[in-house]
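Student: Quick one: this structure, given as structure tokens, is what I'll be asking you about.
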Amino acid sequence: MAHRSHGRIQPARARAGSPRRARGRAPRRGTARVAGRRARRRPVRVRGVSRLALCCVVLAGCAALHPRPSGPLIPAELPPLEDDLDLASLRAAIERTRPVYARAGDAAGATAADRLLAILDSTNDRKARRTAVARAFRVVRLREPLLLTAYYEPELAARFAPDASFRYPLYARPPDLVDVEPRTLDETCTCRRLSGRVEGTRLQPYPSRADIEGGALAGRGLELAWVADPVALLVLHVQGSGRLRLNDGALVGVRWAGSNGRPYRSVAQDLIARGLLPDDHTTLPDVRHALEALPPTEQAAVLATDERYTFFQLAEGGAVGSLGVELTPGRSIATDPNLVPPGALAYLETPGAHRFAVSQDAGAAIVGAHADLFLGAGAEAEERAGRTRERGHLYLLLPR
207 MAHRSHGRIQ
217 PARARAGSPR
227 RARGRAPRRG
237 TARVAGRRAR
247 RRPVRVRGVS
257 RLALCCVVLA
267 GCAALHPRPS
277 GPLIPAELPP
287 LEDDLDLASL
297 RAAIERTRPV
307 YARAGDAAGA
317 TAADRLLAIL
327 DSTNDRKARR
337 TAVARAFRVV
347 RLREPLLLTA
357 YYEPELAARF
367 APDASFRYPL
377 YARPPDLVDV
387 EPRTLDETCT
397 CRRLSGRVEG
407 TRLQPYPSRA
417 DIEGGALAGR
427 GLELAWVADP
437 VALLVLHVQG
447 SGRLRLNDGA
457 LVGVRWAGSN
467 GRPYRSVAQD
477 LIARGLLPDD
487 HTTLPDVRHA
497 LEALPPTEQA
507 AVLATDERYT
517 FFQLAEGGAV
527 GSLGVELTPG
537 RSIATDPNLV
547 PPGALAYLET
557 PGAHRFAVSQ
567 DAGAAIVGAH
577 ADLFLGAGAE
587 AEERAGRTRE
597 RGHLYLLLPR
């Protein structure tokens, strides 16, 4: 869910050499709090470039899915390579990534996927499997211990027409929202995508959450649906996709369609500062309970401290990640694309997860040695995501 803010209520993470989302206390979605100073945003000058040309730059081709990884990666010995899920789910995750390999012209990525499946199909012997993987792949590990969190698809009661209760809108992506990928202009740039709107020859910041909730987009026909619970709506913004339950019981999917590009800031951080939440109780249930106990005016003020705002589109099928493919529960992970090549094959080793995974998503709060594991939809997925916060290691299987 591209991330989509896909993402995702985050814990405030202590700065430890890596940017936001790799530091901290809790999952971007499951737990809550993310710290981080607000970066001062300077407008990007667009000299002599039309809006159409700017959009062409943004839409310029994708980089290969398996570039040489940057960041703190070290050669590693393989773990035992046990897998606590069924092979069918891994096969599904890999098959869903094949079109992405093809679009990017990444023959090596497709070959690596074939090799891994062939190895897993050929033997259940742990030693033979490790030997075969070591021959077929260049294995590296994140130097820093991994923080594993989890996310899911929430379900919200909604209506297609507003009323006295259902008065909080989900907005579609505004037509004047522009995304710029700095790396299409400078391959050495490690900056993330910039989003804003063009004014003259400058890319200016898009309205903040407070601006939008104050009516900045009202009257433009962008409302997709309305919900009755502003806290549940914030959770949907953080998760990046979900399901709307209509009054006739029908379920309608919504997916991430972009964000205003403003910095993500966990509302848990503000709740802690106000003395409304202990800093050692930042799970999603804790944060929701604290928010729901506030008077409406104070609740709105706390929600507005997260300037980031997510836009949606109606959709069928399951959640879709930043690579544009449907996510596979238990196999798809969101990672930092500056550290983990998008589409990369990986192996998770934590107390609660020993399995192969595929990097198919990203998120505003996923930075550094942090992986967010997609768990699917429903109450069980929500409960598991809310309590998932583990340390471990992430191995990358890079094609030789």
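For the sequence shown, the tail end lands on 606 under my numbering, and the numbers increase by one without skipping.
No residue lacks a Cβ here, since even glycine has one placed at the ideal position from N, Cα and C.
For the 8 Å Cβ check, are there 3 or more pairs between the segment 454-466 and the segment 517-532?
Tutor: yes
Student: Can you confirm whether the segment 566-574 touches the segment 537-550 when touching is taken to mean that 3 or more C-beta pairs between the two stretches lie within less than 8 Å?
Tutor: yes
Student: By Cβ distance, which residues of its chain are closer than 8 Å to ALA316, with the 5 residues on each side in sequence left out?
Tutor: As a working mapping, residue 316 is identified with position 110 in the sequence shown. Cβ contact annotation for ALA316 (same chain, cutoff 8 Å, sequence separation greater than five): ARG304, TYR307, ALA308, in chain order.
Student: How far does the alpha helix (DSSP H) with ASP320 in it extend, from its first residue to its last?
Tutor: On the sequence shown, residue 320 is found 114 positions in, with the first residue counted as 1. 313-328 is the span of the alpha helix (DSSP H), which, as asked, contains ASP320.
Student: Around the Cβ of ASN453, are there at least 16 other Cβ atoms within 10 angstroms (buried) or fewer (exposed)?
Tutor: Here residue 453 refers to the residue found at position 247 of the sequence shown. The residue is exposed, with fewer than 16 neighbouring Cβ atoms inside 10 Å.
Student: What did DSSP end up calling ILE280 once you bin it into helix, strand or coil?
Tutor: As a first step, residue 280 is located in the sequence shown; it is residue number 74 there, counting from the start. Three-state DSSP puts ILE280 in a strand.
Student: Please return the same chain residues whose Cβ sits closer than 7 Å to the Cβ of ALA431, not counting the five positions on each side in sequence.
Tutor: As a position in the sequence shown, residue 431 is number 225, starting the count at 1. Only ALA364, ARG365, PHE366, LEU376, LEU450 meet the Cβ criterion.
Student: Within this structure, are the beta carbons of LEU352 and THR489 separated by less than 8 Å?
Tutor: The residue you call residue 352 lines up with position 146 of the sequence shown. The residue you call residue 489 lines up with position 283 of the sequence shown. In this structure, THR489 does not lie closer than 8 Å to LEU352 by Cβ.
Student: Could you tell me which whole beta strand (DSSP E) segments of length 3 or greater appear in the segment 359-433?
Tutor: 361-365, 374-377, 384-386, 400-405, 408-411, 429-433
Student: If you draw a straight line from the alpha carbon of PHE517 to that of THR337, how long is it in whole angstroms?
Tutor: Within the sequence shown, the letter at position 311 stands for residue 517. Within the sequence shown, the letter at position 131 stands for residue 337. Rounded to the nearest angstrom, the two C-alpha atoms are 46 Å apart.
Student: For the segment 421-438 against the segment 325-344, are there 3 or more C-beta pairs whose distance is under 8 Å?
Tutor: no
Student: Please list, in chain order, all residues of the same chain as ALA424 whose beta carbon is under 7 Å from its beta carbon, the five residues on each side excluded.
Tutor: By 1-based counting over the sequence shown, the position of residue 424 is 218. There are no such residues.
Student: Determine the direct distance from the alpha carbon of ASP292 to that of SER465, and round the result to whole angstroms.
Tutor: Here the question's residue 465 lines up with position 259 in the sequence shown. Here the question's residue 292 lines up with position 86 in the sequence shown. Going by the C-alpha atoms only, they are around 35 Å apart.
Student: Could you tell me which residues DSSP pairs with THR355 in its beta bridges?
Tutor: Here the question's residue 355 lines up with position 149 in the sequence shown. In DSSP, THR355 forms a bridge with ASP578, ARG595.
Student: Would you tell me roughly how many angstroms separate the C-alpha atoms of GLN519 and GLU283, rounded to the nearest one?
Tutor: Residue mapping note: residue 519 aligns to position 313 of the sequence shown, counting from 1. Residue mapping note: residue 283 aligns to position 77 of the sequence shown, counting from 1. The alpha-carbon atoms of GLN519 and GLU283 are separated by roughly 43 Å.
Student: In the DSSP assignment, what are the bridge partners of ASP567?
Tutor: Counting from 1 along the sequence shown, the entry for residue 567 is found at position 361. BP columns for ASP567 point to ALA540.
Student: Output the boundary residues of the beta strand (DSSP E) element that contains SER173.
Tutor: For the chain, the structure presents residues 207 to 606; residue 173 sits outside this window and is missing.
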